[in-house]
Amino acid sequence: MQLFKHILMKFEHNLMNYTKEQLVDALCAEWDWLCHDDFDPENDPSPEEFRESMEKLTAEQLIRETGTDEYFSLDEYMERYG
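Position one of the sequence shown corresponds to residue -6 (our numbering), numbered consecutively onward.
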């Protein structure tokens, strides 16, 4: 139960610090960086398609998409890509 409370508090903290738009922008920046040298138009969505898919997600889903955890926090992720 204590772990659940900790996770919930951290999630609420993240939602208060970042808007959905900021999360989408950061995820798009990361995607651009990842695909910069290795873009495959047959398999990878265009930047516009990727942004559209991210904009359909909830804030909670966007945070999960960042892949952040106790070792690489959302604050660190946003500092890098936001």
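Glycine included, every Cβ here is placed at the ideal spot set by N, Cα and C.
Because the structure is a prediction, the values reported are computed rather than measured.
Per the Cβ contact rule, the segment 26 to 33 is not in contact with the segment 44 to 64 (fewer than 3 Cβ pairs under 8 Å).
The residues VAL17, CYS21, in chain order, have a CB closer than 8 Å to that of ARG44 in the same chain once the five nearest residues on each side in sequence are set aside. In the three-state scheme derived from DSSP, where H, G and I count as helix and E and B as strand, PRO40 is classed as helix. LEU50 carries a coil assignment under DSSP once its states are collapsed to helix, strand and coil. Where ASP25 is concerned, the enclosing alpha helix (DSSP H) starts and stops at 13 to 28.
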